[in-house]
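Enquirer:
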């Protein structure tokens with residue numbers, strides 16, 4: 012059976028498992044206050060070129076998003092995001108459960124455009140009844156987007172400039188960040204992201220870790236008592252070194268980038284061959300997620316050999332997602348290409 016339905020269908024990269032096994036007889040301080048977590052934080056600070064960054068580890072992406080957004084917003088504020096954003100679609104109302112509205116605007120190839128953001132902010136500021144309305148208090152984007160597309164450095168800089176002008180923070184969800192950083196067509200580096208985002212996450216779960224996301228704040232005073240905020244939301248792992256150890260491994264010897272580059276390379280093989288066979292794509296993604304359009308008969312045929320992730324349906328046309336990861340093999344790809 013082939014597996015292309017997502018990028019987290021196997022436990023963890025062998026280097027992660029080896030590191031965890033090697034540490035099994037060691038004793039560590041709890042709650043992320045251990046030396047290995049501190050070493051991982053230092054590695055991330057070095058990689059972002061921001062020695063002042065405040066870094067915390069949590070188990071999952073929805074946890075990270077909810078904690079950051081709830082910590083940054085006041086009770087009457089909401090977060091601006093596209094209508095396809097993860098926080099607006101696939102987090103079971105996690106943001107709303109913290110009493111904050113997700114203020115959605117239409118996506119363009121999965122992205123929030125500067126024009127759409129400006130319109131949302133202007134609409135609130137120019138409304139005479141704005142004091143009776145939810146105030147846009149921050150901006151959320153993901154890189155890569157839900158559709159695998161990427162922001163350019165110029166697009167990030169423009170969004171950052173708008174946020175700066177309106178005195179609101181820009182939060183970048185990096186659940187699949189490694190695939191974006193490794194994409195051949197990108198001009199965005201990790202230091203760029205650290206420059207333009209006030210807060211961002213570095214995904215581990217979908218990048219070869221057993222679990223875990225790193226939350227990177229621009230500086231240590233950005234969110235008061237952030238450690239306590241993590242505890243408040245039930246996300247403070249007692250055995251926090253299990254998170255730190257994984258990120259320490261991912262940020263050693265370029266493993267994080269190597270995983271992204273490997274998966275992207277296989278994904279582009281799939282993209283190019285599917286294109287040559289006449290398949291059309293929902294979007295043009297340069298990363299490990301590929302979305303292309305098939306009919307019901309193709310889904311039935313593929314389903315005999317693999318789980319098929321249907322993203323959306325339009326009559327007899329289905330947009331399916333094919334995702335690669337560290338665990339995808341060249342043989343897997345060759346078999347899929349034969350099926351296509």
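In this note's numbering, the protein residues as written are 12 to 351. For glycine and all other residues, C-beta sits at the position ideal for the given N, C-alpha and C. These numbers were taken from a predicted model, which means no experiment stands behind them.
1. By the three-class DSSP mapping on this structure, what secondary structure does residue 63 have?
2. On the DSSP bridge assignment, give the partners of residue 324 in chain order.
3. For residue 184, write down the residues that DSSP places opposite it in a beta bridge.
4. Which same chain residues, not among the five before or five after residue 180, have their C-beta less than 7 Å away from its C-beta?
5. Can you tell me whether residue 103 is buried or exposed, with buried defined as 16 or more other CB within 10 angstroms of its CB?
6. Quick one, which of 304, 267, 268, 264 has its alpha-carbon nearest residue 282's?
7. Evaluate residue 147 with the Cβ neighbour count: other Cβ atoms within 10 Å of its Cβ, from every protein chain shown; 16 or more gives buried, anything less gives exposed.
8. Please report how far the alpha carbon of residue 100 lies from the alpha carbon of residue 94, in whole angstroms.
9. Near residue 275, what residues of its chain come up, given a Cβ to Cβ distance below 8 Å and the 5 sequence neighbours on each side ignored?
10. Taking buried to mean at least 16 other C-beta atoms within 10 Å of its own C-beta, is residue 217 buried or exposed?
11. Go through its chain and collect everything with a Cβ distance to residue 318's Cβ below 6 Å, but skip five positions before and after it.
12. DSSP has residue 116 in a bridge; who is on the other side?
13. Of all the alpha helix (DSSP H) runs that stay within the bounds of the segment 241 to 273, which reach a length of 4 or more residues?
14. Since residue 211 sits in a beta bridge, which residues does DSSP pair it with?
15. Quick check on the DSSP output: the alpha helix (DSSP H) that includes residue 341 runs from which residue to which?
16. By the DSSP assignment, the beta strand (DSSP E) with residue 304 in it spans what residues?
17. Distance check for residue 316 and residue 125, CA to CA, integer angstroms please.
18. Could you round the C-beta distance between residue 177 and residue 132 to whole angstroms and report it? I think they count as a contact, below 8 Å.
19. So residue 368 packs on residue 185, CB below 8 Å; how close in whole Å?
20. Which of the three DSSP states, helix, strand or coil, is assigned to residue 334?
Expert: So, to answer that:
1. Three-state DSSP puts residue 63 in coil, outside helix and strand.
2. Answer is 329, bridged to residue 324.
3. Partner(s): 153.
4. 83, 149, 174, 209, 210, listed in sequence order.
5. Exposed is the call here.
6. Restricting attention to 304, 267, 268, 264, the CA atom closest to the CA of residue 282 is found in 304.
7. Flag for residue 147 reads buried.
8. Their Cα atoms are separated by approximately 8 Å.
9. Apart from the 5 residues on each side of it in sequence, residue 275 sits with its Cβ closer than 8 Å to the Cβ of 190, 193, 194, 195, 297, 298, 299, 335 in its chain, given in chain order.
10. Residue 217 should be labelled buried.
11. Result list for residue 318: 16, in chain order.
12. Looking at the DSSP assignment, residue 116 forms a beta bridge with 93.
13. If we require 4 residues or more, the alpha helix (DSSP H) runs fully inside the segment 241 to 273 come out as 252 to 261.
14. Residue pairing from DSSP places residue 211 in a beta bridge opposite 183, 227.
15. Segment 341 to 350, the alpha helix (DSSP H) holding residue 341.
16. Here the beta strand (DSSP E) through residue 304 covers 300 to 306.
17. Straight-line Cα distance between these residues: approximately 42 Å.
18. Yes, residue 177 and residue 132 are in contact; Cβ-Cβ is about 5 Å, under 8 Å.
19. Outside the shown range of the chain (12 to 351) lies residue 368, about which nothing can therefore be said.
20. It is a strand residue.
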